[in-house]
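Below is one structure; the comments refer to it alone.
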Amino acid sequence: MAPTKTIIFGPTGSIGSATSLTAHSKGADIIFAMRDTSKSIPNLTPEAENSGHYTRIQADLTSPSSVLEAVTKTGAKRAFLYLMFGSPDNQRASIEGLKKGGVEFVVFLSSGGVHDGALEDVPSRDFISWSHAQVEINLRDVFGEKGYVAVRPKYFATNSLGWKPMIAAGEVRILHPEAQWDWITPKDIGLVCGRLLVDGFEVVGGRNWVRLSGPELISQKGAIETIGKALGKEIKVTGIGEEEYLEVLIKFAHMPEVVAKNFVRVLNGRMAGDDGVYDEEGYAEEVGNVMKYGGKKPTTFEEWVAENKEAFLV
């Protein structure tokens, strides 16, 4: 059987790259859909790209016509896409372009904040979760229940890179240093997304979402200490209030204000202990899904930091 042509939006990102490499390793022909086709793909050398089943094409999820053209021109049958914040139609036109161009199945990088109930019930005050849910609704409406799978990871390890300027200064100022997260890594997310792109809807057992979490719940303070240990540097952790932390998120993590405010609200919920983010049974399943669908034990935060410590250096 001929390899399935699979178009990847966002291949220059850490998750898009890992998704691409995983799907390619399982036999897919990979099409990199890129705004700028001259950019390099993380963890893929030019030699490996030229010798493998990889091609590049210009396309942009904010331009539905370019999406349709890219899919039509390449003959892609499967697609990986992610959320574009600020899309006026929640990416509906681009999703319709995928379908019209001939794509039959989509893997969408969603959010762990989208729970297993009705997508329409996600409250708009949960801006990040709500935005992802709207795209899931559009995928469901355009591709049908079996035409897509939403991968819903919890808290990204890469979020810690937002502390980089403060780490360089020797002091990280954050809200609720004791708040715990799971710190799932881009590679683990990409392993699952890549497998799903190749194996399709059938592998998920009748539901069109997969939830993922990292293997350890570690406080923000603990994560900073882990980073400091890897760098051989002592880093002071200082707890601050909401207003000051909003400024930190906007200045250092480069978050839009609406996203920063949403994150502060989520952090407050974590400390209140009533957010249900990591209930025992659900969390165990989410961690296990990395092995179930990705084929390997999930990477610990300590392992990820050791592999990526240069990324924390300014």
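Here the UniProt record's numbering is used: the first residue of the sequence shown is 1, the next is one more, and so on.
All C-beta atoms, glycine included, are put in the ideal place defined by N, C-alpha and C.
On a predicted model such as this, the values are computed, not experimentally measured, just so you know.
The stretch 67 to 81 touching the stretch 117 to 127, judged by at least three CB pairs closer than 8 Å: no
Look up Asp-188 in the DSSP assignment and say whether it is helix, strand or coil. Locating residue 188 in the sequence shown gives position 188, counting from the first residue. Here Asp-188 sits in helix by DSSP.
State the start and end residues of the unbroken alpha helix (DSSP H) segment that holds Lys-73. The sequence position of residue 73 within the sequence shown is 73, counting from 1. Per DSSP, Lys-73 belongs to the alpha helix (DSSP H) from 64 to 74.
Trp-209, enclosing beta strand (DSSP E) - first and last residue: To locate residue 209, count along the sequence shown from 1; it is residue 209. Element bounds for Trp-209: 209 to 212.
Just the Cα atoms here: how many angstroms apart are Leu-61 and Glu-234? Counting from one through the sequence shown, the residue named residue 61 turns up at place 61. Counting from one through the sequence shown, the residue named residue 234 turns up at place 234. Each residue's Cα considered, the two are about 42 Å apart.
Tyr-155 - DSSP class collapsed to helix/strand/coil: For the purposes of this step, residue 155 is taken as the residue at position 155 of the sequence shown. In the structure shown, Tyr-155 sits in coil (DSSP, three-state: anything other than H, G, I, E or B).
Can at least three beta-carbon pairs, one atom from the stretch 145 to 152 and one from the stretch 162 to 171, be found at a separation below 8 Å? no
N-terminal and C-terminal residue of the alpha helix (DSSP H) that Val-314 is part of: Translated into positions along the sequence shown, residue 314 becomes position 314. Neither: Val-314 is in no alpha helix (DSSP H) and is coded neither H nor E.
Under a three-way DSSP split, which group does Gly-239 fall into? Counting from 1 along the sequence shown, the entry for residue 239 is found at position 239. Strand, per DSSP.
Determine, using beta carbons only, whether Lys-154 and Leu-212 come nearer to each other than 8 Å. Taking the sequence shown and counting its residues from 1, the one referred to as residue 154 is at position 154. Taking the sequence shown and counting its residues from 1, the one referred to as residue 212 is at position 212. In contact: Lys-154 and Leu-212 (Cβ atoms closer than 8 Å).
Spatial neighbours of Val-142 within its chain, please: CB distance less than 7 Å, with the 5 preceding and 5 following residues excluded, ordered by chain position. Locating residue 142 in the sequence shown gives position 142, counting from the first residue. Excluding sequence neighbours, Val-142 sits near Ile-95, Glu-96 and Lys-99.
Indicate whether Val-248 and Arg-173 have their beta-carbon atoms separated by less than 8 Å. Counting from 1 along the sequence shown, the entry for residue 248 is found at position 248. Counting from 1 along the sequence shown, the entry for residue 173 is found at position 173. Contact flag set, yes.
Where Val-172 falls: helix, strand or coil (DSSP): Here the question's residue 172 lines up with position 172 in the sequence shown. Three-state DSSP puts Val-172 in a strand.
Whole-angstrom distance between Glu-310 and Phe-105, CA atom to CA atom: Residue 105 sits at position 105 when you count from the first residue of the sequence shown. Residue 310 sits at position 310 when you count from the first residue of the sequence shown. Looking at the two C-alpha atoms, the distance is approximately 37 Å.
Look up Val-114 in the DSSP assignment and say whether it is helix, strand or coil. On the sequence shown, position 114 is the one that residue 114 refers to. DSSP places Val-114 in coil when its eight states are reduced to three.
Nearest residue (CA-CA) to Ala-223, options Ile-137, Phe-156 and Asn-289: Within the sequence shown, residue 223 is the residue found at index 223, counting from 1. Considering only alpha carbons, the answer is Phe-156.
Close beta carbons around Val-264, own chain, < 8 Å, minus the five adjacent residues each side: On the sequence shown, position 264 is the one that residue 264 refers to. Closer than 8 Å at the Cβ level, and outside the excluded window around Val-264, lie Leu-175, Glu-242, Tyr-245, Leu-246 and Leu-249.
Is the CB-CB distance between Asn-90 and Val-122 below 8 Å? Residue numbering aside, residue 90 sits at position 90 when the sequence shown is read from its first letter. Residue numbering aside, residue 122 sits at position 122 when the sequence shown is read from its first letter. Cβ atoms of Asn-90 and Val-122: not closer than 8 Å.
Can you list, in chain order, the residues of its chain whose CB lies under 7 Å from that of Gly-294, leaving out five sequence neighbours each side? On the sequence shown, residue 294 is found 294 positions in, with the first residue counted as 1. These residues qualify, in order along the chain: Asp-188, Leu-191, Val-192 and Arg-195.
Just verifying my parser: in three-state terms, what is the DSSP assignment at Ala-284? If you number the sequence shown from 1, residue 284 lands on position 284. Reduced to three states, the DSSP call for Ala-284 is helix.
Taking the alpha-carbon of Ile-128 as reference, which of Lys-261, Leu-313 and Arg-270 has the nearest alpha-carbon? For the purposes of this step, residue 128 is identified with residue 128 of the sequence shown, where counting begins at 1. Answer by Cα proximity: Lys-261.
Coil, strand or helix - Leu-249 by DSSP: Locating residue 249 in the sequence shown gives position 249, counting from the first residue. DSSP places Leu-249 in helix when its eight states are reduced to three.
Reference Asp-182, options Glu-145, Gly-205 and Gln-220, closest by Cα: Here residue 182 refers to the residue found at position 182 of the sequence shown. Answer by Cα proximity: Gln-220.
Terminal residues of the continuous alpha helix (DSSP H) containing Ala-33? Walking along the sequence shown from the start, residue 33 turns up at place 33. Careful: Ala-33 lies outside any alpha helix (DSSP H), inside the beta strand (DSSP E) at 29 to 34.
How is Phe-301 classed by DSSP in three states: helix, strand or coil? Stepping through the sequence shown from its first residue, residue 301 is reached at position 301. In the structure shown, Phe-301 sits in a helix (DSSP, three-state: H, G or I).
Terminal residues of the continuous beta strand (DSSP E) containing Phe-108? Taking the sequence shown and counting its residues from 1, one reaches residue 108 at position 108. Note, Phe-108: beta strand (DSSP E), 105 to 109.
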